[in-house]
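Number of protein chains: 2
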Amino acid sequence: MSKIVPVGVSARHIHLTQEHIEILFGAGYQLTEFKPLSQPGQFAANETVAVIGSKGQFDKVRILGPARPASQLEISRTDSFAIGVKAPVRESGSIDGTPGITVKGPAGEVELQEGVIVAARHIHFHTSDAAKWDIKDKQLLKVRVGGERGLVFENVIARVSDSFALDMHIDTDEANGAGVKNGDSAEIVD
Amino acid sequence: MSKIVPVGVSARHIHLTQEHIEILFGAGYQLTEFKPLSQPGQFAANETVAVIGSKGQFDKVRILGPARPASQLEISRTDSFAIGVKAPVRESGSIDGTPGITVKGPAGEVELQEGVIVAARHIHFHTSDAAKWDIKDKQLLKVRVGGERGLVFENVIARVSDSFALDMHIDTDEANGAGVKNGDSAEIVD
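Protein chains in written order, with the UniProt record's numbering: chain A, 1 to 190; chain B, 1 to 190.
Written as structure tokens, this is what we have:
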């Protein structure tokens, strides 16, 4: 049985706490939805912020909602060189010891003390998908994409939950290096 | 016998004809060497040019010397989105039907009619390396890099010549997506 998963390409984006949203956009401010994401309840917000590193900045970084318990900026390694922030490859939410950055919104500025990461490649599985394919949460998978820039990604982390929809998340470096785009398919080969 | 090759990461760069060098830098101008590259006789020049696409431009694109029979700009797919040029993945020198771009130097401007590519991943083999490992010119190889972003590149083109030194060339998207840097090692696995 072929294990085919859709590919979602993550451009640089930021997750913010409600406290940080209010510093950046004003007291009581609530994010507004631009479009839904593949994971149920998650959305790209209309709001963007600037992030400022030692060597450069990005002016319009999309906020993904809803608000989270910790703020986290996810950038590609190419981005990390461009703005001068040594972001390690991490799973989302695993930000201990990661570098910080300055975040600027229309109403104020936040100096994040940590939270800048390059997201580790991963696949969201609904519990039923994982059961069908005998895949366990945290399992490391090998996933192949075809085409002229075809390759097999190793160390793809399985994340299994009732609240997830099947989707493989890679960043723009991985997608561009593999010649794949949003909505393409990949195959779990091991 | 392990087939280990050093990895060379190609940032965006341009090759120019002598005619174009003289338009961009002045009549009779000769490129000057900044540093030698891994391939014998090839060098990064001190000179840079600006390249201007429909959505943006890069101001300091390194010229690689010596002058060539055809001008060719090599960019990453990330770059191609940034400047708005639909560059296909091609082997160096295979530029028929590729898009052009505006190139600007201190003495003038050239409108390239074609020549913008995303370089196909490849390995340069000296004839003796290829013979030792039983690898033929144009053979497509699979090459693994390890580490937390480990992966196996497919469709890696073997290029064999007495004038080559052993080196695998990938672009910045591929390198950043695989978490490798200049001088790291990769293994030919098939």
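Using N, Cα and C, we set each Cβ at its ideal position, and we do this for glycine too.
Have a look at the options and flag the residue whose alpha-carbon is nearest the alpha-carbon of residue i.
i: ILE123 of chain B; options: B:ASP134, B:ARG159, B:THR102, B:LYS181; result: B:ARG159
i: ARG68 of chain B; options: B:ASP96, B:LYS136, B:VAL189, B:HIS20; result: B:HIS20
i: GLY93 of chain A; options: A:HIS15, A:PHE25, A:VAL51; result: A:HIS15
i: PRO40 of chain A; options: A:THR78, A:VAL89, A:HIS126, A:PRO99; result: A:HIS126
i: SER2 of chain B; options: B:VAL143, B:VAL118, B:ALA119; result: B:VAL143
i: ASN46 of chain B; options: B:GLY56, B:GLN57, B:PHE34; result: B:PHE34
i: GLY150 of chain B; options: B:LYS181, B:SER161, B:LYS138; result: B:LYS181
i: GLN113 of chain A; options: A:LYS86, A:LEU24, A:PRO99, A:ALA178; result: A:PRO99
i: residue 221 of chain B; options: B:LYS86, B:LEU31, B:VAL189; result: Because chain B here runs from 1 to 190, residue 221 of chain B falls outside it and cannot be looked at.
i: SER54 of chain A; options: A:ARG121, A:GLY179, A:LYS60, A:GLY84; result: A:GLY84
i: THR32 of chain B; options: B:SER185, B:VAL7, B:GLN42; result: B:GLN42
i: SER10 of chain A; options: A:GLU187, A:GLU111, A:ASP79; result: A:ASP79
i: LEU140 of chain B; options: B:GLU148, B:PHE164, B:MET168, B:GLY147; result: B:MET168
i: PRO36 of chain A; options: A:ASP190, A:GLY177, A:ALA165; result: A:ALA165
i: VAL145 of chain A; options: A:SER185, A:ARG121, A:GLY115; result: A:SER185
i: GLU91 of chain A; options: A:GLU111, A:VAL110, A:ALA82, A:VAL116; result: A:VAL116
i: GLU111 of chain A; options: A:SER128, A:GLN18, A:ILE23; result: A:ILE23
i: SER128 of chain B; options: B:PRO88, B:ALA178, B:PHE81, B:SER163; result: B:SER163
i: GLU148 of chain A; options: A:SER161, A:ARG121, A:GLY177; result: A:GLY177
i: GLY8 of chain B; options: B:SER38, B:GLN57, B:GLY179; result: B:SER38
i: ALA82 of chain B; options: B:GLN18, B:PRO88, B:GLY97, B:GLN57; result: B:GLN57
i: ALA130 of chain B; options: B:ILE188, B:LYS60, B:ARG77; result: B:ILE188
i: SER161 of chain B; options: B:GLY183, B:LYS138, B:GLY179; result: B:LYS138
i: PRO88 of chain B; options: A:ASP190, A:GLY183, A:GLY179; result: A:GLY179
i: residue 210 of chain B; options: B:GLY97, B:GLU109, B:ASP96, B:ARG77; result: Beyond the ends of chain B as shown, which are 1 and 190, falls residue 210 of chain B; an answer cannot be given.
In the DSSP assignment, find the alpha helix (DSSP H) that holds residue i and state where it starts and stops.
i: GLY177 of chain B; result: 172 to 178
i: ALA130 of chain B; result: 127 to 133
i: PHE25 of chain A; result: 18 to 25
Could you tell me the boundaries of the beta strand (DSSP E) in which residue i lies?
i: GLN72 of chain B; result: 72 to 74
i: THR48 of chain A; result: 43 to 52
i: ASP59 of chain A; result: 57 to 65
i: THR102 of chain B; result: 101 to 104
i: ALA158 of chain A; result: 151 to 161
i: residue 191 of chain B; result: Outside the modelled stretch of chain B, which goes from 1 to 190, sits residue 191 of chain B, for which no answer is possible.
i: ARG12 of chain A; result: Counting along the chain, ARG12 of chain A falls outside any beta strand (DSSP E), and DSSP gives it neither H nor E.
i: ALA82 of chain B; result: Where ALA82 of chain B is concerned, there is no enclosing beta strand (DSSP E), although the alpha helix (DSSP H) it sits in stretches over 77 to 83.
i: ARG144 of chain A; result: 140 to 145
i: LEU112 of chain B; result: 109 to 112
i: residue 234 of chain A; result: Because chain A spans 1 through 190 in this model, residue 234 of chain A falls outside it and cannot be assessed.
i: ALA119 of chain B; result: 116 to 119
Taking residue i as the query, report the chain A residues whose CB atoms sit under 9 Å from its CB, ordered along the chain.
i: VAL152 of chain B; result: LYS142, ARG144, LEU151, VAL152, PHE153, GLU154
For residue i, go through chain A and note every residue whose CB falls closer than 7 Å to its CB, in chain order.
i: THR172 of chain B; result: THR78
i: ASN182 of chain B; result: Residues of chain A passing the Cβ test: none, with the nearest at roughly 13 Å.
Residues of chain A with CB under 8 Å from residue i, in chain order?
i: GLU148 of chain B; result: VAL89, ALA120, ASN155
Which residues in chain B have a C-beta closer than 8 Å to the C-beta of residue i? List them in chain order.
i: LEU179 of chain A; result: Note that residue 179 of chain A is Gly in the sequence shown, not Leu. Near GLY179 of chain A (Cβ distances below 8 Å), the residues of chain B are ARG77, VAL89.
I want to see whether chain D comes within less than 9 Å of residue i, judged by CB atoms only; does it?
i: ASN176 of chain A; result: Although the question refers to chain D, the structure presented lacks it and instead comprises the protein chains A and B.
Checklist line | Any 3 or more C-beta pairs closer than 8 Å across the region 46 to 53 of chain A and the region 104 to 115 of chain A | finding: Here the region 46 to 53 of chain A makes contact with the region 104 to 115 of chain A; the two share three or more CB pairs at distances below 8 Å.
Checklist line | Cβ contact check for the region 164 to 173 of chain A and the region 150 to 159 of chain B: 3 or more pairs under 8 Å | finding: The region 164 to 173 of chain A makes no contact with the region 150 to 159 of chain B, as fewer than three CB pairs between them are under 8 Å.
Checklist line | Meets three-Cβ-pair contact criterion under 8 Å: the region 55 to 67 of chain B and the region 7 to 14 of chain B | finding: Inter-segment contact for the region 55 to 67 of chain B and the region 7 to 14 of chain B is present: three or more beta-carbon pairs are separated by less than 8 Å.
Checklist line | Segment contact flag, the region 134 to 143 of chain A with the region 70 to 81 of chain A, C-beta cutoff 8 Å, min 3 pairs | finding: The region 134 to 143 of chain A is not in contact with the region 70 to 81 of chain A.
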